[in-house]
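Q:
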Amino acid sequence: MIRASHISKQYGDVEAVRDISFEVKEGETLVLLGTSGCGKTTTLKMVNRLIEASSGTIEIDGKNIFTENPEQLRRTIGYVSQNNGLFPHFTVRENIGIVPKLLKWEQSEITRHTDRLLEQLRLPVREFASKYPDELSGGQKQRVAVARALIANPPVLLMDEPFGALDPVTRANLRQEFRELPELKRKTIVLVTHDVQEAFELGDHIAVMDKGKIVQSGTARQLLFNPANSFVSSFFDHQRLFLELNAFTFHDIWDSLPAGEVTGSGAVSANLSLWEGMQQLGAGRNELSVKRENEIRSVSQSIIFQSFNNYKNIR
Amino acid sequence: MTGQQSLWEFVVQQSDKLWSQTVAHVGLTCVSLVIAVMIGLPLGIWIARKDRLAWAVLGIAGVLQTIPSIALLGFLIPALGIGSLPAITALFLYALLPIIRNTYTGIRQVDPAVTEAARALGMNYWQVLFGVELPLALPVILAGVRTAAVINVGVATLAAYIAAGGLGEFIFGGIALNNTNMILAGAIPAALLAILIDQLLALVQKINTRKARLVLVVMPVLMLTLSGFYLIPIAEVKLLGGFTPEFMGREDGYLGLKSKYKLNIPTVVISDAVMYKAAFEKKLDVISGYSTDGRLKAYDLITLEDDQHIFPPYYASPLIRKEILEKYLELQPAIDQLAGQITDSVMTELNYKVDYLKASPEKVATDFLRSRGLFKEPRNGNKGQVRLGSKIFAEQYILISMYKILIEGNTELKTVSRTGLGGTKICFDALANNEIDMYPEYTGTGLLVILKPTPRQIQEVSSDPEKAFAFVQKEFEKEYRMQWLKPIGFNNAYALMMRKEQAQSLHINTITDLKNYLANDQPPH
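If you read the sequences in order, they're chains E and V. Residue numbering for the first sequence follows the numbering used here, beginning at 1 and increasing consecutively. Residue numbering for the second sequence follows the numbering used here, beginning at 316 and increasing consecutively.
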């Protein structure tokens, strides 16, 4: 668990971060969302002391990080940056083995862990272990960077726009993979991004930052439907419908859906987001069967829209 | 001895000297390079972190780089004396800039994302420096070391001027003696050495950055080993001789001292410019000077009598192209006005004024001519031009200034001065190639350095100054169409010199005395 209370960072007269407090529960992901220069990266780097906070306290699992040796601290916190930061003179395997080596693991142990992680990240050992970073694609580099951050099994992971340098297709795929990675399931994660979609997809909680302050924090739904001010709502304006449909599942509107029967291609789960349902309907189908336990509902695009609007009005 | 000696014969004959000079050269280069790396590398790393200081440090190193090497040696002699210390210091200063600059650049160009990642992974300052920054900066740093090494191989030739050895001994000796083989025997190995070191470092540089850790170990070991070659001889000596490269190679110099007098004295090679001062400061005991040199008086030195007459007479005369004499008939009478005017003691006095009292050669020349009633205001004519050359020492500057006044005051001709043409070879070649019209030369030099007669001919003429002059005059006219005009009067012969008080306390008056003193003090074989 990470608890930051009243942290600030000053550069001369400029206050990059002003009196920020947040808490990330064990196993949860907090996303710091904001435009460039809002102080989100500074906030992130204060957690592993790449930047020293001017005031305030940060605790990880109850221990004050400012009293720890910064190098020792960082070895227990995974870090992935936008520019991957791979050592160009190290092979993939050497890059991943940096932290274990600092922690003085046995070489055989390092190799075993590295190879397992590489396979999990779809980087076959035989093909990739001895390659150098400049021989990899952007997506592959970022995977190696993630592997390097995860190798020593740190309880906390910090990610600074981890997919920011990738093209949209690679980014979406990697994000998908990332969500399904078993290593990440129990991690306490702080992730920085300016991409709202990414924030909604990966964050349990999202903190919207502006001018060095957290303007509002909460779940995606809270931010969408109860924005604290016009800055927060303006953040979602140009893709509001998409974000809303993404934030709700068929569970939420179940009661207003008409009953139906299983059609030719079977039924989809009610856990699906409305946006995903719309996507399936867009692909040449007029009707979609949705299943929850023993119940079946039959929906079309217009039914989804109607039900969703009803639902919003009731709220 | 008939026919020209080939370069190969020379090299074989002098292989001992060549080897020791090469070893000294490599040693000088490597010692200074190692020190420059040891100081420049940390300095470069440091300023890469303190950007505000970078410009200042790079600026200072840059200024040091622009000081001409001879001048730098000149600055260092008062502080550090002669020998290897000032030589290594000068080379070190030259090697500093490329090393600091490239270290700075190399470290600065390491991707900050990589160093930040290294810190974020929990590496400490030294782990980041040695594990990430230096390996990634290494190709650039090595390029700097390479530049510095090549510069140093070149500049190290100048070490021969201040008794620090190296291939410059042959190069400068050869230039002074008009001996092409000797020049090449020094210059070719120096060039090969530069190429070799450059290629060797290029090879190291090409080694993959990824094997950088290996390079970081091998390089210092290799450099330190090579530095080891330069073992500074610290053997205890009773008297130390310091001779110019020219004197070392001449029959009427060091070679004659060895063959005729059987003189056996440990020697270092040194430039004429710093030799007298080094003797005065007791860094040297016996030097090879010129008998009219003003510094003789300034530094309280005395000349040893040449009791076996190995130094031939060196009467100074203007050496001039015949063509210009025939073209401007009024020229010779003007020049001849100086003939017989200056005796040994007068010349020493004039040299003293320039060398020691720092009067300008022009002023000394003007004052002297006035005192003899020879001075005339320049006529500013424009009938033609006479190009005056001079070697690079005060006496020649003074003589040239006098000829300028005499020519411009007595004829409608103008003069241009090309002073500081180095040694005999450069002056003589300039005259032969019609780049200058005249310069003051000495009969002995003309005889031994340029004409190179047989030993029999030398013996025949060198005992008698008149004969020597007549011989030289005849041969030059025949061979080169150059004319030796009437001697100026003084005899600027070679002489061995010692500090007056030392010579008196050891009762050394002649070269034979010196030889006996040294022979007695040396342990029996």
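By construction, the Cβ of each residue, glycine as well, lies at the ideal position given by its N, Cα and C atoms. Note that the structure is predicted; figures quoted are calculated from it, not measured.
(1) When you compare the CB positions of leucine 482 (chain V) and glutamine 336 (chain V), do they come within less than 8 angstroms of one another, or not?
(2) So which residues on chain E does valine 589 (chain V) lean against when the C-beta distance must stay under 9 angstroms?
(3) Any C-beta of chain E within less than 7 angstroms: which residues of the segment 434-450 of chain V qualify?
(4) Residues bridged to serine 269 (chain E) by DSSP?
(5) Below 8 angstroms on the Cβ atoms is my guess for serine 256 (chain E) versus serine 307 (chain E); work out the distance and round it to an integer in Å.
(6) Spell out whether any CB of chain E is found under 8 angstroms from the CB atom of alanine 432 (chain V).
(7) Pull the bridge partners of serine 298 (chain E) from the DSSP assignment, please.
(8) I'd like the span of the beta strand (DSSP E) that includes phenylalanine 784 (chain V), first residue to last.
(9) According to DSSP, is aspartate 316 (chain E) helix, strand or coil?
(10) Are the Cβ atoms of phenylalanine 842 (chain V) and alanine 351 (chain V) separated by less than 8 angstroms?
(11) Cutting at 8 angstroms between CB atoms, please list the residues of its own chain near aspartate 513 (chain V), excluding the five before and the five after it.
(12) Measure how close the beta-carbons of threonine 111 (chain E) and proline 155 (chain E) come, nearest whole angstrom, since I'm counting them as under 8 angstroms.
(13) For a contact defined as C-beta to C-beta under 8 angstroms, what are the partners of serine 137 (chain E) on chain V?
(14) What first and last residue would you give for the alpha helix (DSSP H) that runs through arginine 434 (chain V)?
(15) Note down the Cα distance separating glutamine 520 (chain V) from proline 454 (chain V), rounded to an integer number of angstroms.
(16) Nearest CA to the CA of aspartate 160 (chain E): which residue from E:Ala129, E:Asn173, E:Ala199 and E:Glu26?
(17) Assuming the contact rule is C-beta atoms closer than 8 angstroms, leucine 619 (chain V) and leucine 555 (chain V) should be a hit. Round their C-beta distance to whole Å, please.
(18) Just reading off the alpha helix (DSSP H) that leucine 875 (chain V) is part of, what are its end residues?
(19) Who are the near neighbours of phenylalanine 690 (chain V) in its chain, counting only those whose CB is closer than 8 angstroms to its CB and skipping five residues on each side?
(20) Given that a residue counts as buried once 16 or more other Cβ atoms are within 10 Å of its Cβ, and exposed if not, what is isoleucine 549 (chain V)?
(21) Reducing DSSP to helix, strand and coil, say where glutamine 656 (chain V) ends up.
(22) Any contact of the segment 350-370 of chain V with the segment 557-573 of chain V, i.e. 3+ C-beta pairs under 8 angstroms?
(23) Name, please, each residue of chain V whose Cβ falls closer than 8 angstroms to the Cβ of valine 99 (chain E).
(24) Quick one: what's got a C-beta closer than 7 angstroms to valine 24 (chain E)'s C-beta in the same chain, skipping five residues either side?
(25) Can you tell me where the beta strand (DSSP E) holding valine 701 (chain V) begins and where it ends?
(26) Between which two residues does the alpha helix (DSSP H) carrying valine 468 (chain V) extend?
(27) How many angstroms separate the CA atom of alanine 369 (chain V) from the CA atom of tyrosine 712 (chain V)?
(28) List the DSSP bridge partners of threonine 249 (chain E).
(29) Inspect the CB distances between the segment 84-95 of chain E and the segment 129-138 of chain E and report whether three or more fall short of 8 angstroms.
(30) So is glutamine 142 (chain E) in contact with chain V if we call contact Cβ pairs under 8 angstroms?
(31) What span of residues does the beta strand (DSSP E) with glutamate 756 (chain V) cover, start to end?
(32) What does tyrosine 79 (chain E) reach in chain A if we use C-beta pairs closer than 8 angstroms?
(33) Give the C-beta separation of phenylalanine 626 (chain V) and tyrosine 809 (chain V) to the nearest angstrom, bearing in mind that I take them to be a contact with Cβ-Cβ under 8 angstroms.
(34) In terms of alpha-carbon separation, which member of V:Arg423, V:Gln772 and V:Ile715 lies closest to glutamate 756 (chain V)?
(35) Which chain V residues sit within Cβ distance under 7 angstroms of asparagine 48 (chain E)?
(36) Does DSSP put leucine 33 (chain E) in a helix, a strand or coil?
A: Here's the rundown:
(1) yes
(2) The premise fails here: valine 589 (chain V) is roughly 49 angstroms from chain E at the closest Cβ pair, so nothing lies under 9 angstroms.
(3) Arg434, Ala435, Leu436, Gly437, Met438, Asn439, Val447 and Pro450
(4) E:Lys291
(5) 4 angstroms
(6) yes
(7) E:Ser289
(8) Segment 780-795 is the alpha helix (DSSP H) holding phenylalanine 784 (chain V); no beta strand (DSSP E) there.
(9) For chain E, the structure presents residues 1 to 315; residue 316 (chain E) sits outside this window and is missing.
(10) This structure gives no information on residue 842 (chain V), because the portion of chain V shown stretches from 316 to 840.
(11) Arg461, Ala464 and Val465
(12) No, threonine 111 (chain E) and proline 155 (chain E) are not in contact; Cβ-Cβ is about 23 angstroms, not under 8 angstroms.
(13) Within chain V, no residue comes near serine 137 (chain E); the closest Cβ sits about 17 angstroms away, beyond 8 angstroms.
(14) 427-435
(15) 6 angstroms
(16) E:Ala199
(17) Leucine 619 (chain V) to leucine 555 (chain V), Cβ: 15 angstroms. No contact.
(18) Examination of residue 875 (chain V) is not possible in this model, given that chain V is present from 316 through 840 alone.
(19) Thr681, Leu684, Ile720 and Gly724
(20) Only weak support is given to the placement of isoleucine 549 (chain V): the predicted model assigns it a pLDDT of 48, under 50, and the question is left unresolved by the model.
(21) coil
(22) no
(23) Leu436 and Gly437
(24) Met1, Ile2, Leu30, Thr188 and Val190
(25) 699-704
(26) 449-470
(27) 44 angstroms
(28) E:Ser273
(29) yes
(30) no
(31) 753-757
(32) Protein chains E and V are contained in the structure displayed, whereas chain A is not.
(33) 4 angstroms
(34) V:Ile715
(35) Ala435
(36) strand
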